[in-house]
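Residue numbering for the sequence shown follows the working numbering, beginning at 1 and increasing consecutively.
What follows is a single structure, written as structure tokens, with notes after it.
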Amino acid sequence: MHTETIRQLPEYAALTRARKKIMWPLSLATIVAYFALILTIAFNPTALGNPIGDGVTSIGMVLGLGVILFCMVITGIYVYYANRVLEPLTRAIVQKAGEQS
């Protein structure tokens with residue numbers, strides 16, 4: 001099947017809409033979280049150096065770990081969405097492409 005024919009399938013249009021629907025919010029959330037931490041490090045590093053309680057663990061370490069865990073959650077959300085929405089649409093496109101070859 002020709003590429004242009006695939007692009008005209010309604011499933012392909014639905015796939016591109018679904019990808020954009022999830023891609024932009026998750027990307028924006030990740031970028032905001034990362035840059036918030038980096039800008040805090042750049043402009044207020046002393047605040048991140050304060051220890052939590054009486055221990056040696058600083059606020060910056062906790063926030064850095066928080067960004068890492070946040071990105072793992074974002075990845076999990078994407079994987080769940082991809083398995084539930086994107087993969088069925090992809091399979092439908094592949095099936096239609098195979099039928100029309």
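Cβ atoms here follow ideal geometry from the backbone N, Cα and C, with glycine treated the same way.
Here the structure is a predicted model, which means the values were calculated and not measured.
Span of the alpha helix (DSSP H), counted from its first residue to its last, around residue i
i: I41; result: 10–43
i: T57; result: T57 -> no alpha helix (DSSP H), and no H or E assigned at all.
DSSP beta-bridge partners of residue i
i: P88; result: Its beta-bridge partners do not exist; DSSP assigns none.
Beta-carbon spacing of residue i, residue j below 8 Å
i: A92; j: E11; result: yes
i: V67; j: L37; result: yes
i: S58; j: L48; result: yes
i: C71; j: T5; result: no
i: T90; j: L15; result: yes
i: V85; j: A18; result: yes
i: K96; j: L28; result: no
i: V62; j: I77; result: no
Evaluate the contact criterion for the stretch 71–81 versus the stretch 22–29: three or more CB pairs, one atom per stretch, below 8 Å.
-> The stretch 71–81 is in contact with the stretch 22–29.
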